[in-house]
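> Have a look at this one.
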Amino acid sequence: MKNLSLDATDIRILSAVQSHGQLSKTRLSEIVNISATPCWARLDRLKAAGFIRGYHADIALERVCNFTQVTVTVSLTHHRRADFERFEAWVIGHDEITECIATGGGMDYVMKVVCPTLATFQALMQAMQDAELGVDRYMTYIATRVVKATRPNIAKLAVPVTRDRTG
Numbered sequence: 320m321k322n323l324s325l326d327a328t329d330i331r332i333l334s335a336v337q338s339h340g341q342l343s344k345t346r347l348s349e350i351v352n353i354s355a356t357p358c359w360a361r362l363d364r365l366k367a368a369g370f371i372r373g374y375h376a377d378i379a380l381e382r383v384c385n386f387t388q389v390t391v392t393v394s395l396t397h398h399r400r401a402d403f404e405r406f407e408a409w410v411i412g413h414d415e416i417t418e419c420i421a422t423g424g425g426m427d428y429v430m431k432v433v434c435p436t437l438a439t440f441q442a443l444m445q446a447m448q449d450a451e452l453g454v455d456r457y458m459t460y461i462a463t464r465v466v467k468a469t470r471p472n473i474a475k476l477a478v479p480v481t482r483d484r485t486g
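Taken in order, the sequence shown gives residues 320 to 486; the numbers are from the working numbering.
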C-alpha cells in the first residue's frame with residue numbers, strides 16, 4: 320500500500336480519535352474544525368491506511384477487581400532469532416502479560432504483567448522458567464501505584480524536525 324502523507328488536519332483527527340474514541344461524524348468534525356463529509360472521508364482513509372488499529376475503553380480496573388501489577392525485565396541467554404521467536408510466542412500466549420517490548424541494551428524485554436494475586440504472578444514466572452525459553456535472568460518490580468499513564472501526544476510527535484542552520 321502506498322504511504323499516506325499526513326497533514327495537520329489528519330493529525331488533529333488522529334488526536335481526537337485517540338482522546339475520545341469513536342465519535343459521531345458531527346462531533347468529530349466540530350473538534351477537528353472542518354465540515355463533516357470531508358472529515359469522515361479523511362477518517363475512512365486513515366482507517367484504510369492502517370493508522371487506526373481499533374477503539375478501546377479505558378477501564379478503571381481498580382474499581383472492577385483487586386489485582387497485582389508487576390513490571391518484569393527479561394534477559395535471554397542466547398540472542399538468536401529462534402530464541403527471540405520462541406520467547407515472544409510464549410508471551411503472546413499469556414493474557415496476564417499485557418505489554419511486552421523488546422529492548423536494546425542490558426535487558427532484552429520489558430513486560431507489564433497483571434494478575435489477580437501475587438501467587439498467580441509467581442505461578443506465571445514459574446511457568447516461564449518451566450517452558451525452557453532460554454531466560455538467563457529476570458527482575459520483577461511490583462507496582463505500588465500508577466503515577467502517570469497516558470498515550471503519546473500525536474501532535475507533538477508528528478511535527479517535522481527542523482534543522483538548526485547556524486554553523
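Think of the CB as a built atom: it goes at the ideal place given N, C-alpha and C, for glycine as much as any other residue.
Could you give the first and the last residue of the continuous beta strand (DSSP E) run that contains T417?
416-421
> If we count the other Cβ atoms within 10 Å of its Cβ and call it buried at 16 or more, is M320 buried or exposed?
Per-residue confidence for M320 stands at a pLDDT of 42, beneath the threshold of 50, marking its modelled position as unreliable; no derived number is given.
> Rounded C-beta distance between A335 and I350? I'm assuming under 8 Å.
4 Å
> Between L443 and H413, how many whole angstroms is the CB-CB distance? I'm expecting something under 8 Å.
7 Å
> Taking its Cβ as the centre, do 16 or more other Cβ atoms sit within 10 Å of Y428, making it buried, or is it exposed?
buried
> What's the call for E451, buried or exposed, on a 16-neighbour Cβ count within 10 Å?
exposed
> Does DSSP classify M458 as helix, strand or coil?
strand
> Buried or exposed for S354, please, with buried defined as at least 16 other CB atoms from any protein chain shown within 10 angstroms of its CB.
exposed
> Does the beta-carbon of L333 have 16 or more other beta-carbons within 10 angstroms, so that it is buried, or is it exposed?
buried
> Does the region 447-466 come into contact with the region 382-400, if we say contact requires no fewer than three beta-carbon pairs (one atom in each stretch) closer than 8 Å?
yes
> Once DSSP output is grouped into helix, strand and coil, what is the label at K366?
helix
> How about V433 and T417: are their beta carbons less than 7 Å apart?
yes
> Would H397 and G340 qualify as a contact pair, given that the criterion is a beta-carbon distance under 7 Å?
No, these two residues do not count as a Cβ contact at 7 Å.
> Quick check on this structure: which residue in L342, G425, R382, D377 has the alpha carbon closest to the alpha carbon of R470?
D377
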